[in-house]
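Below is one structure, written out as structure tokens; comments come after it.
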Amino acid sequence: MATAKALTPLAMAALGLLVERPMHPYEMYQLLMHRHEDRLLKVRPGTLYHAVGRLAEAGLVEATGTDRDGNRPERTTYAILPDGRARLTFDVCALLAQPAKEYPRFPQGLSEAHNLPGGQVVELLEQRVAALEGDIAALEADAKLALQRQVPRQYWIDVGYQQHQLRAELAWVKQLCKEIQDGSLPWLPVPGDGTDGNDASELTHNFQD
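In the working numbering, the protein residues as written are 20 to 228.
Given below as structure tokens:
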């Protein structure tokens, strides 16, 4: 088990659903979307069908029957096997215990932001602020709905984590905008933009040394 390749996010989600009860991939897709799991991973019907097929090939789930609803194509129902439950447990433990190098793109954008004028950076970050506020509002709505439905908190602790993460990012981005605007974070001219970029070039050279 220790040498097994990690489950993809969609495969892990599929196994998690099958712990609840046997179901067919389209039902899995509907549940993932209903629960807004697409805020955690990319959910596509075709990719989900493929993931479940791979789980079956690996002996982690098994087909238990097929049914047909009217003129629609047959749907195969799957159930989780003991090896699938063990694999899900193993991968969840690894995700909880060990921070993963996930390489989010925003820090890379920040590392290259010096290539833009300070005013433009502030404008772009203000757009990000609006998007973050929208995401936070959506998570707050999800949390409110879970409370109304009396869903045990252990089933949606990820919502609280994402709220905390986004609020921290929002506060940091707002502070960065303020520092650029009030000059407490001096923004050097961009080399090659028609202004004197000698200071920026010299600083970059010194930083590399």
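Every residue, glycine too, gets a C-beta built ideally from N, C-alpha and C.
Worksheet entry | Stretch-stretch touch, CB-based, cutoff 8 Å, three pairs: the stretch 138-147 with the stretch 182-197 | yes
Close beta carbons around residue 56, own chain, < 7 Å, minus the five adjacent residues each side: 32 and 62
Exercise. Near residue 182, what residues of its chain come up, given a Cβ to Cβ distance below 6 Å and the 5 sequence neighbours on each side ignored?
Worked result: 158
Practice problem: Measuring alpha carbon to alpha carbon, tell me which of 179, 197 and 203 ends up nearest residue 156. | Solution: 179
Where residue 122 and residue 105 are concerned, what is the direct C-alpha to C-alpha distance, given to the nearest angstrom? 28 Å
Taking the continuous alpha helix (DSSP H) assigned at residue 211, which residues delimit it?
Here residue 211 belongs to no alpha helix (DSSP H), and DSSP marks it neither H nor E.
**Prompt:** Just reading off the alpha helix (DSSP H) that residue 66 is part of, what are its end residues?
**Reply:** 64-76
Exercise. Mind checking who residue 42 pairs with in its DSSP beta bridge?
Key: 97
key: alpha helix (DSSP H) segment containing residue 86, residue limits   = Residue 86 -> not in any alpha helix (DSSP H); beta strand (DSSP E) instead, spanning 80-86.
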